[in-house]
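Residue numbers (the UniProt record's numbering): 1 to 227.
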C-alpha cells in the first residue's frame with residue numbers, strides 16, 4: 001500500500017476493520033509486526049523511538065475526532081504547541097505563521113479565545129491549523145468530522161480539501177462518512193484488517209463515486225465480486 005505526494009485518500013471500512021490501526025502504523029505511533037514503512041525511500045522501522053518522534057514532529061500533522069485543545073491556552077497558543085514541543089520557544093516568524101493559519105481556517109476573530117469559548121466547528125478548525133504549524137508533508141486525520149453536525153462536517157472537509165490543494169499536503173483520512181470519502185481522490189476499503197478495495201475516484205461523476213462507495217460486502221451479496 002503506497003500513497004503519492006499531494007494525494008487526498010479516504011480509508012473506509014466497518015467498525016473493527018482496522019482503519020485506526022492502519023493509521024497508527026502509517027503514523028509510526030505503532031510499530032508493525034512485519035514488513036516496513038518508508039517515506040521517500042527512508043525505512044522508518046529502523047529508527048529508534050526518539051528518532052520516530054522527531055520524524056513525526058517534522059513530517060506529520062494529526063487531526064483527531066476530538067480537538068484535544070488545551071483549555072488553559074487560547075487558540076493561538078494551542079496552534080503553537082507542536083512547535084514549542086519540537087523546537088522550543090517560537091520565533092516571531094512562527095507566531096506570524098500561526099496567525100496566518102488561524103486566519104486561513106476562518107477563525108481569526110477567535111484567536112485569543114480559550115478553547116472552551118469556541119464552537120465545535122471552530123475548535124476543529126483550530127486543530128487543523130495546529131496540525132499545519134510545523135509545515136508537515138503528511139496530514140493524518142482519524143474521523144476528523146465524527147463529532148460535528150452535517151453542515152459543519154461539509155465546511156471542515158472543504159477546508160481540508162482546500163489546504164490539500166494549496167499546500168500540496170498529503171491527506172490520509174479515516175472516515176465512516178460516505179460524503180467525505182466521495183470528495184477524496186482515492187478510497188482504500190479495509191475488511192477484517194486487509195485491503196479489500198483500493199480505487200481512484202478523482203474525475204468521476206458523483207453518482208459513480210457513490211456507487212463505488214457501496215461497501216464491499218454489498219458487492220459480494222450482489223455477486224459482483226468474488227469472496
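Even glycine gets a Cβ: it sits at the ideal position worked out from N, Cα and C.
Fair warning: this is a prediction, and the values are worked out from it, not measured in the lab.
### Query
Between the beta-carbon of residue 183 and the beta-carbon of residue 161, is there less than 9 Å?
Against the chain shown, residue 183 aligns to sequence position 183. Against the chain shown, residue 161 aligns to sequence position 161. The answer is yes: Cβ separation under 9 Å.
Of the residues 77, 132 and 69, which one's Cα is nearest the Cα of residue 169? Taking the chain shown and counting its residues from 1, one reaches residue 169 at position 169. Distances from the alpha-carbon of residue 169 to those of 77, 132 and 69 put 132 closest.
- Task: Look at the Cβ atom of residue 114, then the Cβ atom of residue 157, and state whether they are nearer than 9 Å.
- Result: Locating residue 114 in the chain shown gives position 114, counting from the first residue. Locating residue 157 in the chain shown gives position 157, counting from the first residue. Cβ distance not < 9 Å, so residue 114 and residue 157 don't count as in contact.
TODO: Report the rounded CA-to-CA distance for residue 10 versus residue 173, giving the unit in angstroms.
DONE: Within the chain shown, numbered from 1, the residue matching residue 10 stands at position 10. Within the chain shown, numbered from 1, the residue matching residue 173 stands at position 173. Each residue's Cα considered, the two are about 5 Å apart.
Quick one: complete alpha helix (DSSP H) runs, 4+ long, within the region 66-142?
Listed in chain order, they are 75-87, 92-104 and 120-132.
Q. When you compare only the Cα positions, how much space is there between residue 175 and residue 94?
A. Taking the first residue of the chain shown as 1, we reach residue 175 at position 175. Taking the first residue of the chain shown as 1, we reach residue 94 at position 94. Those two C-alpha atoms are separated by around 31 Å.
- DSSP state of residue 51 mapped onto helix, strand, coil: The sequence position of residue 51 within the chain shown is 51, counting from 1. Look at residue 51 here: in three-state DSSP terms it is helix.
Spatially closest choice to residue 126 from 36, 6, 103 and 135, by CA coordinates
Residue 126 sits at position 126 when you count from the first residue of the chain shown. The residue with the shortest Cα to Cα distance from residue 126 is 103.
If you compare alpha carbons, which of 155, 192 and 188 is closest to residue 200? Translated into the one-based positions of the chain shown, residue 200 becomes position 200. For the set 155, 192 and 188, the Cα lying nearest the Cα of residue 200 is the one of 188.
Q. From residue 66 to residue 147, what distance separates their C-alpha atoms?
A. By one-based count along the chain shown, residue 66 stands at place 66. By one-based count along the chain shown, residue 147 stands at place 147. Note on geometry: alpha-carbon atoms of residue 66 and residue 147 lie some 7 Å from one another.
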